[in-house]
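K.L.:
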Amino acid sequence: MAELTELQKYEFRRSLEEVRKLQGRGTELISLYIPPTRQVSDVASYLRGEYSQSSNIKSASTRKNVQAAISSILSRLKNFKAPPEHGLVFFVGHRSIGADQTDMVNFVLEPPDPVPTFIYRCDSQFFTEPLEQMLETKETYGLIVLDRSEATIGFLLGKRVVSVKNFQSLVPSKHGRGGQSARRFERLIEIAAHEFYKKIADIANEAFLSEKNLKGVLVGGPGPTKEYFVKSEYLHHELQRKIIDTFDTGYTDEYGLKELVENAREALKDLDLMREKDLMQRFFEEIRKPDGGLAIYGEEQVKNALMIGAIDTLILSEDLRRVRLKLTCPSCGNKKEVLAKDSTEVVKCDKCGAIMKTDEVDDLVGELHKIADANNTKVEFISGESEEGGLLLKAFGGLAGILRFRVN
Ligand SMILES: [Zn+2]
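Here the sequence shown is numbered in my numbering, starting from 75 and rising by one per residue.
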């Protein structure tokens with residue numbers, strides 16, 4: 075399955091964040107998960123059944139809101155002949171906006187992974203768990219655990235450890251021989267060991283080289299064999315470059331793979347933070363130059379430089395949340411634009427005090443990302459976990475750039 079682009083991931087994460095926050099006054103928020111294999115007509119008849127069931131709901135306002143939500147989903151479903159590739163997820167209902175007021179919200183998401191099972195849920199909150207799981211990173215690492223007698227090759231896929239192959243060596247053990255033949259025997263052992271390492275490398279090369287998104291290779295084992303294996307460069311040079319480090323494990327079987335991942339966890343986390351720190355350091359170095367170097371910051375400045383293709387790397391904080399909402403008042407027709415953190419912000423009409431309806435949401439990060447893509451600008455998201463990442467958000471408003479050339 076195709077990996078999501080950073081932008082799609084960001085947009086999906088942002089929608090989920092918004093959906094998660096919403097509260098219903100009663101159990102009147104509907105979450106509907108439609109797997110790709112489900113017939114739309116089936117779903118529609120299921121919903122009609124729920125609609126008639128809902129006439130039993132005691133509270134008049136809850137009943138009215140549930141029925142309105144179901145009707146809304148039914149009418150949107152008409153746009154689909156069949157569910158899209160990964161299915162569809164609806165979050166529809168009246169959210170509470172205080173003072174006994176509610177406002178209808180309507181989210182339709184096409185998830186990054188296939189929806190596994192049909193779910194219909196009516197609650198005072200939306201049910202987002204199945205989607206949260208899809209957001210977990212799916213980075214791939216190659217895993218090798220070895221000593222002189224056994225080796226196991228596998229992958230770390232997101233959080234899952236998958237074993238590819240486990241095999242034993244024919245290297246005889248070192249003890250039990252003495253006298254005249256001892257040196258000759260040593261020599262045989264070394265040849266057998268060399269053959270074994272070559273075999274490990276062959277299997278690892280075959281498994282790992284075809285993996286396009288391989289981020290790195292982790293090597294583990296109980297003794298010094300793993301260091302020897304790495305130092306002697308048995309692996310294909312492309313994989314050799316991707317070796318992150320060696321880690322001690324007690325075992326060299328499938329359990330050893332799990333130990334390896336466990337022991338490498340901190341190193342992998344540091345690696346991500348390192349990348350972020352390096353990037354921010356580069357930015358700070360430029361800023362310190364008397365003429366401002368190739369650093370740029372400030373929303374307008376960054377946007378303008380981006381549009382003329384002057385930015386090499388656009389740096390965005392993962393925590394940057396800013397949208398421009400275009401709103402219309404449903405009772406007096408007044409229009410206005412506001413900057414908000416997200417699309418769930420409740421805005422009242424200046425003229426009559428009614429809750430305004432959102433016509434359009436322009437997300438700053440999404441907008442910048444699209445301009446960047448069109449200009450071959452690299453986009454890096456920086457977490458708030460490092461000191462540098464925190465500074466990006468607090469001191470620079472969460473966005474900055476490193477220029478290709480200086481602009482005025
Ligand atoms: Zn108004």
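Note that the Cβ used here is the ideal one computed from N, Cα and C, for glycine as well.
#1: So Lys-300 packs on Val-293, CB below 8 angstroms; how close in whole Å?
#2: Could you name the residues whose beta carbon sits closer than 6 angstroms to any heavy atom belonging to ligand 1, keeping them in chain order?
#3: Have a look at Ile-171, Leu-467, Leu-151, Ile-265 and flag the residue whose alpha-carbon is nearest the alpha-carbon of Gln-113.
#4: Cβ atoms of Ala-142 and Met-178: under 8 angstroms apart, would you say?
#5: Measure from the alpha carbon of Ala-173 to the alpha carbon of each residue in Gly-472, Phe-470, Asp-447, Ile-429, then state which is nearest.
#6: Assuming His-310 contacts Leu-283 (C-beta within less than 8 angstroms), just tell me the rounded distance between them.
#7: Anyone know if the C-beta pair for Val-435 and Ser-417 falls short of 8 angstroms?
#8: Check whether the stretch 229-241 touches the stretch 260-267, counting contact only when three or more Cβ pairs, one atom from each stretch, lie closer than 8 angstroms.
#9: State the Cα-Cα distance for the pair Gly-463 and Glu-392, rounded to the nearest angstrom.
#10: Looking at His-160: is its Cβ nearer than 8 angstroms to the Cβ of Pro-190?
#11: Thinking just about the alpha-carbon of each residue, which of Val-117, Leu-442, Gly-167, Arg-122 is nearest to the one in Gln-97?
#12: Quick check: the Cα distance between Gly-330 and Ser-115, rounded to an integer number of angstroms?
#13: Applying the criterion that 16 or more other CB atoms from any shown protein chain within 10 Å of the CB defines a buried residue, is Ile-382 buried or exposed?
#14: For Arg-112, which of helix, strand or coil comes out of DSSP?
#15: What residues in its chain sit with their C-beta under 8 angstroms from that of Ala-446, if we drop five residues either side in the sequence?
#16: Under the rule that 16 or more other beta-carbon atoms within 10 Å means buried, what is Asp-344, buried or exposed?
#17: If you follow the beta strand (DSSP E) that Phe-165 is in, where does it begin and where does it stop?
#18: Thinking C-beta only, is Leu-106 closer than 8 angstroms to Ser-198?
#19: Please report the straight-line C-alpha distance between Glu-206 and Leu-90, rounded to a whole angstrom.
#20: DSSP state of Ile-389, grouped into three classes?
#21: May I have a chain-ordered list of the alpha helix (DSSP H) segments no shorter than 4 residues that lie completely inside the stretch 360-404?
#22: Between Thr-326 and Val-304, how many whole angstroms is the CB-CB distance? I'm expecting something under 8 angstroms.
#23: Terminal residues of the continuous beta strand (DSSP E) containing Ala-134?
#24: From Ile-317 to Leu-342, what distance separates their C-alpha atoms?
#25: Enumerate in chain order the residues of its own chain whose CB-to-CB distance from Arg-396 is below 6 angstroms, with the five nearest sequence positions on each side excluded.
#26: Alpha carbon to alpha carbon, how far is Pro-298 from Ser-243? Give it in angstroms, no decimals.
#27: Please state the DSSP three-state secondary structure of Phe-479.
#28: How about Phe-165 and Phe-181: are their beta carbons less than 8 angstroms apart?
#29: Would DSSP call Glu-285 helix, strand or coil?
#30: Whose C-beta lies closer than 6 angstroms to the C-beta of Ser-129 among residues of the same chain, with five residues either side of it excluded?
#31: Take Ala-156 and list the residues in its own chain whose beta-carbon comes closer than 7 angstroms to its own, dropping the five residues that flank it on each side.
#32: Just to confirm my understanding: we take Leu-74, look at its own chain, exclude 5 residues before and 5 after, and list those with CB closer than 6 angstroms. What are they?
#33: Based on the DSSP secondary-structure assignment, which residues constitute the bridge partners of Tyr-215?
#34: Per DSSP, what are the beta-bridge partners of Phe-200 in this structure?
#35: Can you tell me the Cα-Cα spacing of Glu-461 and Cys-196, whole angstroms?
#36: Between which two residues does the alpha helix (DSSP H) carrying Phe-432 extend?
P.N.:
So, to answer that:
#1: 5 angstroms
#2: Cys-403, Ser-405, Cys-406, Asn-408, Cys-423, Lys-425, Cys-426, Ala-428
#3: Leu-151
#4: yes
#5: Ile-429
#6: 6 angstroms
#7: yes
#8: no
#9: 9 angstroms
#10: no
#11: Gly-167
#12: 49 angstroms
#13: exposed
#14: coil
#15: Leu-380, Ile-385, Leu-388, Lys-452, Val-453
#16: exposed
#17: 162-170
#18: no
#19: 8 angstroms
#20: strand
#21: 373-381
#22: Not quite, the Cβ-Cβ distance comes to about 15 angstroms (not below 8 angstroms), so this is no contact.
#23: Premise fails: Ala-134 lies in the alpha helix (DSSP H), 134-151, not in any beta strand (DSSP E).
#24: 12 angstroms
#25: Leu-438
#26: 16 angstroms
#27: coil
#28: yes
#29: coil
#30: none
#31: Val-114
#32: Within the shown structure, residues of the chain are numbered from 75 to 482, placing residue 74 beyond reach of any answer.
#33: Leu-230, Gly-290
#34: The partner list for Phe-200 (beta bridge, DSSP) is empty, contrary to what the question assumes.
#35: 42 angstroms
#36: Phe is not the amino acid found at residue 432; the sequence shown has Thr there. Where Thr-432 is concerned, there is no enclosing alpha helix (DSSP H), although the beta strand (DSSP E) it sits in stretches over 431-437.
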